[in-house]
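Q: According to the working numbering, numbering within the sequence shown proceeds without interruption in unit steps and concludes at 1007.
Just so it is clear, CB atoms sit at the ideal spot from N, CA and C, and this is done for glycine as well.
Quantities reported herein were computed from a predicted structural model and do not represent experimental measurements.
I'd like to ask some things about the structure below.
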Amino acid sequence: MKKLIMGLVAILGVLALSAAGWFFRPWSEYSPAEIQAATQPESLPDTFRHMDEVFPYRTIEPSESATPLPRETDQVNVAYTFNGAERTVDDWLSDSRATGLMVLHNGAVVHEQYLLGSTPETRHTSWSVGKSYVATLIAMAIHQGRIANLDQTAEMFAPQYGGTDYGQTTLRHLLMMSAGVDFEEDYGAPDSDIRRLFFGANIFGRDIDAMVAEVERNRPAGEDLHYVSANTQVLSAVARGVWNAPLADIVEAEIWRPIGMTGEAYWNQNVPGERGMAIGYCCLNATLEDYARFGQFYLQDGVWNGERLVPEGWVEQATRPNAPFQEAGPDAVYAHRGYGLHFWVPENHDGEYFMAGVYGQYVWVDERRNIVIARTAADTEWGGRTAESLAAMRALAAHYSDDPDTPAIPEEAAASETGEPGDE
């Protein structure tokens, strides 16, 4: 009996050492222990500008024709009213733990702030702002004749999804976030699908496409708006299949170089090196100016230096609801926000649309006022602050364009934000 007990103790000791070794992984740059420490609330501002120290990545080189945006800075702490209270942009930035804010008017920088240790050289993570970059690659592929139209299915370009529900989904329904799949996008639920996907890829280094390919449809596609990060992962696989290259390399060749991005960027992936696969539904890391420049590219209808890079009509189609169930309104599935093709649309929109990521990342475009706003943050309460963020950005647009006639964000919107699906 004594030998048996000693044997069990020895086995348990080996298991404990193995578990500790896996958790701390001294041989690896990316241990779960370090990741856990980096994701504590107090660490987030620093973590979000050093994601290359937390997760594997692939570099995106700056454009050889890069030219900084012109500066015509006339910075003002703009005031606005929200829910009956007088607020300022500095209040909003402070409360939301913003790390950067840039406003462009007519293509020139008119407002530029860096906070909580960030600088103009900081490469801040995009979270789901990156989804709009993936959608743009699909548009570019159509413009180049690599994809015929949005009604082609994913498996035609991403054979790893062949025969699956996702493989048989059209690019249109993936872009509309209307794939009809059984997937829980709840960042707060411990066992949600999005958490399993994130930890499977980022902690365990699993094949992301293989995980997503297991997702099944539980209702017809094209009938409702259901924000699902897995949809964008499939679209990123389509882009990789179309160009036969890693996602970061495609972004460098098709977006960074033609648009003249000034900063080196990178895209996080599941494992280091050539066998790594990009986390396609998020995780671009770039400078604030280059996020703003991408918004300016959309403001210019997808034309840069006289060259059209996306099909004519794409920007209007992508940044407007494509079906009644995508419209914003009091009864909309995501509070007072509607959706287009991987772009959000505010209620009472007046030529406005935006890209958004968890923890308060935004790229806001106002076509009527020729305004672009890029904002990075580490806001752990971003969901409950969405309505005020939209109000603050509308106030900035009104001030810097000298156009005070801006649509109102319904005050009751503040009470309906959850910080769950759709706020990424």
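Verify whether the separation of the beta carbon atoms of glutamine 909 and leucine 808 is less than 7 Å.
A: Yes, the pair counts as a contact, with Cβ atoms nearer than the cut-off.
Q: Quick check on glycine 713: buried or exposed, where buried means 16 or more other Cβ atoms within 10 Å of its Cβ?
A: Glycine 713 comes out buried.
Q: Please specify which runs of the alpha helix (DSSP H), each continuous and at least 4 residues long, are wholly inside the segment 716 to 771, giving them in chain order.
A: For the segment 716 to 771, whole alpha helix (DSSP H) runs of length 4 or above, ordered along the chain, are 754 to 758.
Q: Just grab the DSSP bridge partners of glutamine 852 for me.
A: Paired residue(s): Ala861.
Q: Roughly how many angstroms lie between the CA atoms of leucine 871 and isoleucine 862, to the nearest whole one?
A: Going from the Cα of leucine 871 to the Cα of isoleucine 862 covers about 21 Å.
Q: Can the beta-carbon of glutamate 837 be found closer than 7 Å to that of methionine 723?
A: A contact, by the Cβ cut-off of 7 Å.
Q: On the DSSP letters alone, give me the boundaries of the beta strand (DSSP E) that aspartate 985 sits inside.
A: That residue, aspartate 985, is in no beta strand (DSSP E); it is neither H nor E in DSSP.
Q: Which of helix, strand or coil does DSSP assign to glycine 889?
A: Coil.
Q: Name the one or two DSSP bridge partners that histidine 707 has.
A: According to DSSP, histidine 707 bridges with Ala869.
Q: In whole angstroms, what separates the C-alpha of glutamine 619 from that of threonine 708?
A: Cα-Cα distance, rounded: 17 Å.
Q: Rounding to the nearest angstrom, what Cα-Cα distance links tryptophan 610 and alanine 875 in this structure?
A: Note that tryptophan 610 has pLDDT 44, beneath the 50 cutoff, so the model's placement of it is unreliable and no number is given.
Q: On the CB-based measure, 16 or more other CB atoms within 10 Å of its CB, does glycine 604 come out buried or exposed?
A: Unreliable placement is indicated for glycine 604, whose pLDDT of 48 sits below 50; the coordinate value is still reported in the next sentence. The residue is exposed, with fewer than 16 neighbouring Cβ atoms inside 10 Å.
Q: Can at least three beta-carbon pairs, one atom from the segment 965 to 984 and one from the segment 685 to 696, be found at a separation below 8 Å?
A: Because the criterion of three Cβ pairs below 8 Å is met, the segment 965 to 984 and the segment 685 to 696 touch.
Q: Which two residues bound the contiguous beta strand (DSSP E) that contains tryptophan 839?
A: No beta strand (DSSP E) contains tryptophan 839, which DSSP labels as neither H nor E.
Q: Look at the alpha carbon of valine 825 and the alpha carbon of leucine 754, and state the distance between them as a whole number of angstroms.
A: Valine 825 and leucine 754: Cα-Cα distance of roughly 13 Å.
Q: Over the uninterrupted beta strand (DSSP E) stretch that includes methionine 685, give me the two end residues.
A: It spans 681 to 688 - the beta strand (DSSP E) in which methionine 685 sits, taken as one unbroken run.
Q: To which residues does DSSP link aspartate 949 through a beta bridge?
A: Answer by DSSP bridge pairing, in chain order: Glu935, Ile954.
Q: Please classify valine 821: does DSSP put it in a helix, a strand, or coil?
A: If DSSP states are grouped into helix, strand and coil, valine 821 belongs with the helices.
Q: What are the boundary residues of the alpha helix (DSSP H) that includes tryptophan 675?
A: Per DSSP, tryptophan 675 belongs to the alpha helix (DSSP H) from 672 to 678.
Q: Which residue wins for smallest C-alpha separation from tyrosine 810, given the options Leu699, Ile842, Ile721, Gly923?
A: Out of Leu699, Ile842, Ile721, Gly923, Gly923 has the C-alpha closest to the C-alpha of tyrosine 810.
Q: When you compare the CB positions of alanine 813 and valine 795, do they come within less than 7 Å of one another, or not?
A: It is a contact, given that the beta carbons lie within the stated cut-off.
Q: With DSSP run on the structure shown, which of helix, strand or coil describes glutamate 644?
A: If DSSP states are grouped into helix, strand and coil, glutamate 644 belongs with coil.
Q: Who are histidine 694's beta bridge partners in DSSP?
A: Its beta-bridge partners are Val686.
Q: Should glutamate 625 be labelled buried (16 or more other beta-carbon atoms within 10 Å of its own) or exposed?
A: Classification of glutamate 625: exposed, given that the 10 Å Cβ count is below 16.
Q: Alpha helix (DSSP H) containing tryptophan 965: first to last residue?
A: Element bounds for tryptophan 965: n/a, residue is neither H nor E.
Q: Check whether the Cβ atoms of glutamine 717 and leucine 818 lie closer than 7 Å to each other.
A: The residue you asked about is not glutamine; residue 717 is valine in the sequence shown. For valine 717 and leucine 818, yes; Cβs fall inside 7 Å.
Q: Can you look up arginine 977 in the DSSP assignment and give me helix, strand or coil?
A: Helix at arginine 977.
Q: Does glycine 604 come out as helix, strand or coil in the three-state DSSP assignment?
A: Note that glycine 604 scores 48 on pLDDT, short of 50, meaning its location in the model is unreliable and no value can be drawn from it.
Q: Assuming contact is defined by CB atoms lying nearer than 7 Å, are serine 679 and alanine 960 in contact in what I supplied?
A: Yes, these two residues count as a Cβ contact at 7 Å.
Q: Terminal residues of the continuous alpha helix (DSSP H) containing glycine 700?
A: Taken as a continuous stretch (DSSP letters only), glycine 700 belongs to no alpha helix (DSSP H), as it is neither H nor E.
Q: Do alanine 980 and aspartate 933 have their C-beta atoms within less than 7 Å of each other?
A: Not a contact, by the Cβ cut-off of 7 Å.
Q: Start and end of the alpha helix (DSSP H) containing threonine 630?
A: That run of the alpha helix (DSSP H) goes 627 to 631.
Q: Let me make sure I understand the geometry here. Which of Glu847, Glu704, Arg958, Asp988 has the alpha-carbon closest to that of arginine 951?
A: It is Asp988.
Q: Determine the direct distance from the alpha carbon of serine 972 to that of valine 693, and round the result to whole angstroms.
A: For valine 693 and serine 972, the distance between alpha carbons rounds to 19 Å.
Q: From what residue to what residue does the alpha helix (DSSP H) around alanine 620 run?
A: Counting along the chain, the alpha helix (DSSP H) containing alanine 620 begins and ends at 615 to 621.
Q: I want to know whether the segment 851 to 869 touches the segment 663 to 681 - three or more CB-CB distances under 8 Å.
A: The segment 851 to 869 is not in contact with the segment 663 to 681.
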